[in-house]
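Asks:
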Amino acid sequence: MITLKTFQSTGYGWRNIASCAAKYWIVASASAVTLWRSLVAGTDAYYDFLNVKWFMGWRLWNGNFELAGIASSRKWGPPFLDIWHAALANTGVWWVPALAHGAVHALIAPSVFLLSRAVVRGLPNILHQAFAAVSVLVPLVAMQIGTTSGHLYAALPIVWSLTLLARSRETDNSYSGQSCSNPQQTRGLAWAGAVLAVSPLLKPSALASMPAHFIGVPFLTGSLVGSIAFLLGFLAVYLAVAVTWAAVVALAADGGLLEIRTPGVPVDGFGLWFLAGTLVAALFGLLKYSEWVSFLHRSLRPRLVVALLTLVAALGALVAATHLRSAAYDGRWFVDDPASFVPRLAHTGDLQYGFNTLDLEVPYFDTSVPLAALLAVAGIVVAVGVMLRDSWWQDRWTAGLVLFSCAPFVFNVWATGYTRYATQSIPLIGVAALSMCSLRGWRPLKLFVAALFLIAWTLPLWWAGRTSTSFERFAQITYEQNIYEDIVNDEEVELLSDLIPDGSTVFVVGDLTSHVIPRLGRFDVTWDFLLPKGDAVAELQTPPVLLFNPAESDRLSKYEDQGLILESCDVLRFRHVSLGLCATQIDRSQIDRA
Amino acid sequence: MRALRFAVPMVVFVALLGFAAAAQPVREPPRRSETANARIRVDESKSVPVDRYLSVAAGADARSTLGLGFLHPEADGAWMGQLSAVISFGVETGVTPTAVELELRPLVAAESRRRLVTLVSSIDEVSIEMTGGRERILLALDGEESQRVSILCNAVESPISLELNPDRRAFCAKIYGYKVIADVG
């Protein structure tokens, strides 16, 4: 039987890996399919990456923190994954990013399997394997394999964090309530929180769902000290890395260390430094004096502590959801009123009235969100049981696991309504379901329920002809065929580059234009995404060039209003994208008149 | 062995980063002659044969003649994404293009199936109220080697606003191709 320690004890020899792959062939196959899908799907043409993130990542990779008007505020947030994606895409070898993303995404199935085996006891190995495999094959996950959406990268730290939480449970020598009574366990829980912090550091939008994960943490740790250790581990690592990055940006771009800010944190400048410093100091303090602090835990009734902490965490999630709704970062998918909240939780992705998507840009068919909502309700029932009955205390881990895994879906439907923002938690749904099935009861019934859940979860995989089968990957700009080459090949890049004179200032206009800039590799050119004012145009030594999306050429008239005369405009119809290029003259008389 | 657990992924990661760093493109600015040659290549790509139907779908040669206002071509044609769009093409020396026949399909709602489209050349203007389905429209040309045909729409709408499908992009009509009719001297 494989355990978390199998590889630790037996090593990473090829023979051992081959032996494990043979024994756990379902998980191995799921990993292989993930890698295969990533390569077969070809070049990633994810809209957000081509529209903004490639240029942003390339710019930051080259140490240039001035984003020239394209998503300038994004530079303050942790951009590590965007830089990684841009660096890979800019190699000019299409399969390098496909292979790298596929290899990382292929870790999901084995990670989920190891977690499942660690936290769910008494169920057949094949069920663990099947649930782990399905966790990466359901459409909402599968459509992101090999793409730069980032959610599957962000899924891994969440799975690993839960795995570390499970390991800390193994060191919990008094499972009935005296948890977190030793420093080793406190450190383990802090580590688990720290690993969870990697998720939003990789994918900043995952930060929004974190308050919902925390609802399950008191049950998972079973103690005040453990919950604080986990939370401090998360906050200290997240803020330490995010603030360090913001400090680098402040020094490189804006000049003042007191100017720092980071998305999702309501304080900036000195307040942010103070907050990060305090949390890091508190984490070290807790780790150093955990034995002393655990006295506090021993003097409190565990069930009362867990109940109060859960209440605080739930209130925190509610405040976060209210903030997200009021901020309305992306209001396209909002659940407008409480009456449509439950129907949205039951939504499986089909079009409303035959034309309208409800929670994603594309139609799909996936049962993950409704099943997660169902599990969340079941988790609440178990949690209440744990609170009310001593005999249920041993089930607190199940309650915590289910809430940790499934609460983000319920939270996200209310807070943003945008399904994509919770997809990094989908791989956990199967583990949550198995955990519920591992509760006390008649074994045949538990196996039947697990099988039933698996059937419901895999419905989109075998019920052919539904909407999800009509597209390969999420939000690609080219749906019709897979591409096994660069979006813009060397010959096309060369042609475009030759049309941009030495030392030009290029004003970039419209969507889906910026991704070609990193491929050009022209450091003599000044790129600018902002509409210049007449004064700025007048100061230019040479007439600028306009690089634009041909489908948005009507926006060029705004540049004419600022004193530019469009001389000759060419539209380049490359194989996979179209770009426009206008040479200009500066109309100094118009600028003077203005 | 425990150290190997971290060392192997780290080595792979660093190697990949090293490769990525080395492979980042750096391109020198073009010389004047290279810019001039590039312009010639762009102009040449707009030269089309006459008396033959020319698809403007993805991959077709005549897609290069789609100018301002068109989205990137799809498998069967290209959507016009704003109120005006341009097709620019040239013919061989000695050929006199007298007309062009364009094949279009408007984006219309299931209930209100009307889209006013106007085609303009230097000597002709044709307005037609399209009601759905592909239509071919004939427009006279002035015989010059270099031609510019403008297409004007009374409105652009998105399929989602017309309750057709989830696409949120705004379209007027899709052009599938055209045929240049000429007197060959």
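The listed protein sequences derive, respectively, from chains C and A. If you number the first sequence the way our numbering does, the last residue is 594 and the count never jumps. If you number the second sequence the way our numbering does, the last residue is 779 and the count never jumps. Just so you know, even glycine gets a beta-carbon here, dropped at the ideal spot from N, CA and C.
Per DSSP, which one or two residues make a beta bridge with C582 of chain C?
Replies: The residue labelled residue 582 of chain C in the question sits at position 582 within the first sequence. DSSP lists C:L546 and C:C569 as the beta-bridge partner residues of C582 of chain C.
Asks: Might you give, ordered along the chain, the residues of its own chain that have their beta carbon closer than 8 Å to the beta carbon of L287 of chain C, omitting 5 neighbours on each side?
Replies: Taking the first sequence and counting its residues from 1, one reaches residue 287 of chain C at position 287. Taken in chain order, the residues that qualify are P183, T186, R187, A190 and A229.
Asks: On the premise that T416 of chain C lies in contact with W333 of chain C, defined as a C-beta separation below 8 Å, what is that separation, rounded to the nearest angstrom?
Replies: For the purposes of this step, residue 333 of chain C is taken as residue 333 along the first sequence, with counting starting at 1. For the purposes of this step, residue 416 of chain C is taken as residue 416 along the first sequence, with counting starting at 1. At roughly 7 Å, the Cβ-Cβ gap stays under 8 Å, so W333 of chain C and T416 of chain C are in contact.
Asks: Is Q562 of chain C buried or exposed, if buried means 16 or more other CB atoms sit within 10 Å of its CB?
Replies: Mapped onto the first sequence, residue 562 of chain C falls at position 562. With 16 or more Cβ atoms within 10 Å of its Cβ, Q562 of chain C is classed as buried.
Asks: Using a Cβ-based criterion (distance less than 7 Å to any ligand heavy atom), does D736 of chain A qualify as near the ligand GDP?
Replies: Ligands in the displayed structure: none, and consequently the ligand GDP is not present.
Asks: Relative to the C-alpha of S405 of chain C, which residue among C:V249, C:V516, C:A373 and C:A32 is closest?
Replies: Numbered from 1 along the first sequence, position 405 holds the residue referred to as residue 405 of chain C. For the residues C:V249, C:V516, C:A373 and C:A32, the minimum Cα distance to S405 of chain C belongs to C:A373.
Asks: Using a C-beta cutoff of 8 Å, does Q178 of chain C count as contacting chain A?
Replies: Residue 178 of chain C sits at position 178 when you count from the first residue of the first sequence. Because Q178 of chain C sits at a pLDDT of 46, beneath the cut-off of 50, its placement in the model cannot be relied upon, and the following sentence gives the value as read from the coordinates. Closer than 8 Å: no.
Asks: Measure the alpha-carbon distance for N51 of chain C versus L512 of chain C and round it to whole angstroms.
Replies: For the purposes of this step, residue 51 of chain C is taken as the residue at position 51 of the first sequence. For the purposes of this step, residue 512 of chain C is taken as the residue at position 512 of the first sequence. Rounded to whole angstroms, N51 of chain C to L512 of chain C spans 4 Å at the Cα level.
Asks: Since S755 of chain A is in the alpha helix (DSSP H), which residue starts that stretch and which ends it?
Replies: Your numbering for residue 755 of chain A matches position 161 in the second sequence. From DSSP, S755 of chain A is part of no alpha helix (DSSP H); its letter is neither H nor E.
Asks: Is it the case that the Cβ atoms of P408 of chain C and F55 of chain C are separated by a distance below 8 Å?
Replies: Here residue 408 of chain C is taken as the residue at index 408 of the first sequence, counted from 1. Here residue 55 of chain C is taken as the residue at index 55 of the first sequence, counted from 1. Contact: no.
Asks: Hey, does S209 of chain C have any beta-carbon neighbour from chain A nearer than 8 Å?
Replies: Translated into positions along the first sequence, residue 209 of chain C becomes position 209. By this cut-off, S209 of chain C is not an interface position.
Asks: Locate the beta strand (DSSP E) running through L781 of chain A, then write down its first and last residues.
Replies: The structure shown has nothing for residue 781 of chain A, since chain A only spans 595 to 779.
Asks: Can you find a CB in chain C that lies within less than 8 Å of the CB of L665 of chain A?
Replies: Taking the first residue of the second sequence as position 1, residue 665 of chain A is located at position 71. Yes - at least one Cβ of chain C is within 8 Å of the one on L665 of chain A.
Asks: Any contact of the segment 440 to 450 of chain C with the segment 626 to 638 of chain A, i.e. 3+ C-beta pairs under 8 Å?
Replies: The segment 440 to 450 of chain C, when compared against the segment 626 to 638 of chain A, does not touch it at the 8 Å Cβ threshold.
Asks: In chain order, what residues of the same chain have a beta carbon less than 7 Å from the beta carbon of D777 of chain A, not counting five sequence neighbours either side?
Replies: Position 183 of the second sequence, counted from the first residue, corresponds to residue 777 of chain A. Result list for D777 of chain A: T690 and T692, in chain order.
Asks: Closer than 8 Å by beta-carbon distance: list the chain C residues that pair up with F613 of chain A, in chain order.
Replies: On the second sequence, position 19 is the one that residue 613 of chain A refers to. Chain C residues near F613 of chain A: T91 and V96.
Asks: Give the C-beta separation of F214 of chain C and G77 of chain C to the nearest angstrom, bearing in mind that I take them to be a contact with Cβ-Cβ under 8 Å.
Replies: By 1-based counting over the first sequence, the position of residue 214 of chain C is 214. By 1-based counting over the first sequence, the position of residue 77 of chain C is 77. Not really, about 21 Å apart at Cβ, beyond 8 Å.
Asks: In chain order, what residues of the same chain have a beta carbon less than 8 Å from the beta carbon of G256 of chain C, not counting five sequence neighbours either side?
Replies: Translated into positions along the first sequence, residue 256 of chain C becomes position 256. These residues qualify, in order along the chain: A250.
Asks: At the 8 Å Cβ level, is G671 of chain A part of the contact set with chain C, yes or no?
Replies: Reading the second sequence from its first residue, position 77 is the one you call residue 671 of chain A. Not closer than 8 Å to any Cβ of chain C, the Cβ of G671 of chain A fails to qualify, so no.
Asks: For K75 of chain C, does the count of other Cβ atoms within 10 angstroms reach 16, so buried, or fall short, so exposed?
Replies: Within the first sequence, numbered from 1, the residue matching residue 75 of chain C stands at position 75. Buried, because 16 or more other Cβ atoms sit within 10 Å of the Cβ of K75 of chain C.
Asks: So V525 of chain C and L581 of chain C are in contact, right, with Cβ under 8 Å, and what is the actual spacing, rounded?
Replies: One-based indexing of the first sequence puts residue 525 of chain C at position 525. One-based indexing of the first sequence puts residue 581 of chain C at position 581. Wrong, their Cβ atoms sit about 12 Å apart, outside the cutoff.
Asks: Going along the chain, which residues of its own chain have a beta-carbon closer than 6 Å to the beta-carbon of V33 of chain C, five neighbours each way excluded?
Replies: Within the first sequence, the letter at position 33 stands for residue 33 of chain C. Here the set comprises nothing.
Asks: What does G580 of chain C reach in chain A if we use C-beta pairs closer than 7 Å?
Replies: Locating residue 580 of chain C in the first sequence gives position 580, counting from the first residue. Residues of chain A passing the Cβ test: L662.
Asks: Taking only beta carbons into account, state which residues of the segment 252 to 286 of chain C come closer than 7 Å to chain A, listed in chain order.
Replies: none
Asks: Am I right that V243 of chain C and I260 of chain C are in contact with their C-beta atoms under 8 Å? What's the rounded C-beta distance?
Replies: The residue labelled residue 243 of chain C in the question sits at position 243 within the first sequence. The residue labelled residue 260 of chain C in the question sits at position 260 within the first sequence. Correct: roughly 6 Å between the Cβ atoms.
Asks: Would you identify the three-state DSSP class for N173 of chain C, choosing helix, strand or coil?
Replies: Taking the first sequence and counting its residues from 1, one reaches residue 173 of chain C at position 173. With a pLDDT of only 49 at N173 of chain C, under 50, the local geometry of the prediction cannot be trusted, and the value read off the model is given with reservation. It is coil, neither helix nor strand.
Asks: Locate the beta strand (DSSP E) running through R396 of chain C, then write down its first and last residues.
Replies: Counting from one through the first sequence, the residue named residue 396 of chain C turns up at place 396. Run containing R396 of chain C: none in the beta strand (DSSP E); it sits in the alpha helix (DSSP H), R396 to A415.
Asks: In whole angstroms, what separates the C-alpha of E560 of chain C from that of G503 of chain C?
Replies: The sequence position of residue 560 of chain C within the first sequence is 560, counting from 1. The sequence position of residue 503 of chain C within the first sequence is 503, counting from 1. Rounded to whole angstroms, E560 of chain C to G503 of chain C spans 22 Å at the Cα level.
Asks: Could one say the Cβ of Y175 of chain C lies closer than 8 Å to chain A's Cβ atoms, at least one of them?
Replies: Translated into the one-based positions of the first sequence, residue 175 of chain C becomes position 175. Its pLDDT being 42, under 50, Y175 of chain C is placed unreliably in this model, and the value from its coordinates should be taken loosely. The beta-carbon of Y175 of chain C is placed no less than 8 Å from the nearest beta-carbon of chain A.
Asks: Are there three or more Cβ pairs, one per stretch, closer than 8 Å when the segment 150 to 160 of chain C is compared with the segment 199 to 213 of chain C?
Replies: yes
Asks: Listing by chain order, which chain C residues have their CB less than 8 Å from the CB of P760 of chain A?
Replies: Here residue 760 of chain A corresponds to residue number 166 of the second sequence, with the count starting at 1. Neighbours of P760 of chain A on chain C, chain order: L351, F355, N356, T357, E361, V362 and P363.
Asks: Suppose you measure from the CA of D61 of chain C to the CA of F507 of chain C; what does that come to, to the nearest Å?
Replies: Position 61 of the first sequence, counting from 1, holds the residue named residue 61 of chain C. Position 507 of the first sequence, counting from 1, holds the residue named residue 507 of chain C. As written in the sequence, residue 61 of chain C is Trp, which differs from the Asp given in the question. Using only the alpha carbons, I get a separation of about 21 Å.
Asks: Which term fits N173 of chain C, buried or exposed, when burial requires 16 or more other beta carbons within 10 angstroms of its beta carbon?
Replies: Against the first sequence, residue 173 of chain C aligns to sequence position 173. With a pLDDT of 49 at N173 of chain C, under the threshold of 50, the modelled position of that residue is not reliable, and no figure is offered here.
Asks: How is the alpha helix (DSSP H) around G77 of chain C delimited, first residue to last?
Replies: Residue numbering aside, residue 77 of chain C sits at position 77 when the first sequence is read from its first letter. No alpha helix (DSSP H) contains G77 of chain C, which DSSP labels as neither H nor E.
Asks: Does L499 of chain C get closer than 8 Å to chain A when you measure Cβ to Cβ?
Replies: Here residue 499 of chain C corresponds to residue number 499 of the first sequence, with the count starting at 1. Interface residue, yes.
Asks: Which residues in chain A have a C-beta closer than 7 Å to the C-beta of D570 of chain C? List them in chain order.
Replies: If you number the first sequence from 1, residue 570 of chain C lands on position 570. Those within 7 Å of D570 of chain C in chain A are V636.
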